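Asks:
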Amino acid sequence: MGKTTHLGQNIRYIRILRGMKQATFAKEFGIAQQNVSKMENRKAISDEQLEKAAKILDTTAEAIKDFDQTTVINNNNFHHDQTNNIFPVKDLIAYFKDELLKKDEEIESLKAALEQKQPKQDEKPDSPTLKALRSQ
Numbered sequence: 764m765g766k767t768t769h770l771g772q773n774i775r776y777i778r779i780l781r782g783m784k785q786a787t788f789a790k791e792f793g794i795a796q797q798n799v800s801k802m803e804n805r806k807a808i809s810d811e812q813l814e815k816a817a818k819i820l821d822t823t824a825e826a827i828k829d830f831d832q833t834t835v836i837n838n839n840n841f842h843h844d845q846t847n848n849i850f851p852v853k854d855l856i857a858y859f860k861d862e863l864l865k866k867d868e869e870i871e872s873l874k875a876a877l878e879q880k881q882p883k884q885d886e887k888p889d890s891p892t893l894k895a896l897r898s899q
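Residue numbering for the sequence shown follows the numbering used here, beginning at 764 and increasing consecutively.
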């Protein structure tokens with residue numbers, strides 16, 4: 764027993780993969796957005812509608828008929844995992860090195876500000892300046 768093709772769902776998946784909204788598809792198809800929703804919920808679609816949808820989605824009617832979302836998802840996950848393990852490590856290292864430099868600069872800036880706020884030798888230990896520094 765063969766797999767039954769749900770053409771409406773295939774159109775929906777291809778439309779989404781293309782980054783096209785229902786409203787855009789409806790405008791190009793010349794129908795209301797609600798009718799696009801109805802079309803995407805139908806298992807069978809006329810050859811004329813299928814050809815028109817294929818043209819809008821920049822594909823062929825055969826590609827819509829043969830579309831298999833499981834293959835696309837598995838293929839996408841396979842490639843996604845591969846690229847995730849190769850490049851981001853270098854990016855993360857560079858990011859954290861940059862963050863460390865920023866923290867070092869901030870520490871130096873705070874040290875300089877603290878030195879400027881240090882009490883002078885002639886100030887009493889409980890002076891308002893010291894109280895203000897302690898309360899920060």
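Where is the CB? At the ideal position from N, CA and C, for every residue including glycine.
Model, not experiment: these values are computed from the prediction.
Leu820 and Arg781: beta carbons closer than 8 Å?
Replies: In the sequence shown, the residue the question calls residue 820 occupies position 57. In the sequence shown, the residue the question calls residue 781 occupies position 18. Contact flag set, yes.
Asks: Please tell me whether Ala786 and Gln796 are closer than 8 Å, where the distance is taken between their beta carbons.
Replies: Counting from 1 along the sequence shown, the entry for residue 786 is found at position 23. Counting from 1 along the sequence shown, the entry for residue 796 is found at position 33. Cβ distance < 8 Å, so Ala786 and Gln796 count as in contact.
Asks: Hey, how far is the Cα of Gly771 from the Cα of Asp831?
Replies: In the sequence shown, residue 771 corresponds to position 8, counting from 1. In the sequence shown, residue 831 corresponds to position 68, counting from 1. The straight-line gap from Cα to Cα measures roughly 13 Å.
Asks: With distances taken from CA atoms, which of Ile779, Lys866 and Ala816 is nearest Phe792?
Replies: Locating residue 792 in the sequence shown gives position 29, where the first residue counts as 1. Closest by alpha carbon: Ala816.
Asks: So, with DSSP's three-state summary, where would you put Ser809?
Replies: Locating residue 809 in the sequence shown gives position 46, where the first residue counts as 1. It is coil, neither helix nor strand.
Asks: For Asn798, count the other beta carbons within 10 Å of its own beta carbon; 16 or more makes it buried, fewer makes it exposed. Which is it?
Replies: As a first step, residue 798 is located in the sequence shown; it is residue number 35 there, counting from the start. Under this definition Asn798 is an exposed residue.
Asks: Can you name the start and end residues of the alpha helix (DSSP H) that Arg778 belongs to?
Replies: As a working mapping, residue 778 is identified with position 15 in the sequence shown. Leu770 to Leu780 is the span of the alpha helix (DSSP H), which, as asked, contains Arg778.
Asks: From Leu864 to Leu877, what distance separates their C-alpha atoms?
Replies: Residue numbering aside, residue 864 sits at position 101 when the sequence shown is read from its first letter. Residue numbering aside, residue 877 sits at position 114 when the sequence shown is read from its first letter. Each residue's Cα considered, the two are about 20 Å apart.
Asks: Please name the residue in Thr823, Ala875, Asn773 and Glu825 whose C-alpha comes closest to that of Asn804.
Replies: Here the question's residue 804 lines up with position 41 in the sequence shown. When only C-alpha atoms are compared, the closest one is Asn773.
Asks: Taking the C-alpha atoms as reference points, what is the distance between Lys894 and Gln879?
Replies: Start at 1 with the first residue of the sequence shown, and residue 894 comes out as number 131. Start at 1 with the first residue of the sequence shown, and residue 879 comes out as number 116. C-alpha separation (whole angstroms): 16 Å.
Asks: Roughly how many angstroms separate the alpha carbons of Phe788 and Ala826, rounded to a whole number?
Replies: Taking the first residue of the sequence shown as position 1, residue 788 is located at position 25. Taking the first residue of the sequence shown as position 1, residue 826 is located at position 63. Looking at the two C-alpha atoms, the distance is approximately 18 Å.
Asks: Tell me where the alpha helix (DSSP H) around Ile827 begins and ends.
Replies: For the purposes of this step, residue 827 is taken as the residue at position 64 of the sequence shown. Ile827 -> alpha helix (DSSP H) spans Ala824 to Asp829.
Asks: Where Tyr858 and Lys874 are concerned, what is the direct C-alpha to C-alpha distance, given to the nearest angstrom?
Replies: Translated into positions along the sequence shown, residue 858 becomes position 95. Translated into positions along the sequence shown, residue 874 becomes position 111. So the two alpha carbons sit approximately 24 Å from each other.
Asks: Cα separation between His769 and Tyr776?
Replies: Reading the sequence shown from its first residue, position 6 is the one you call residue 769. Reading the sequence shown from its first residue, position 13 is the one you call residue 776. Taking the straight line joining both Cα atoms gives about 11 Å.
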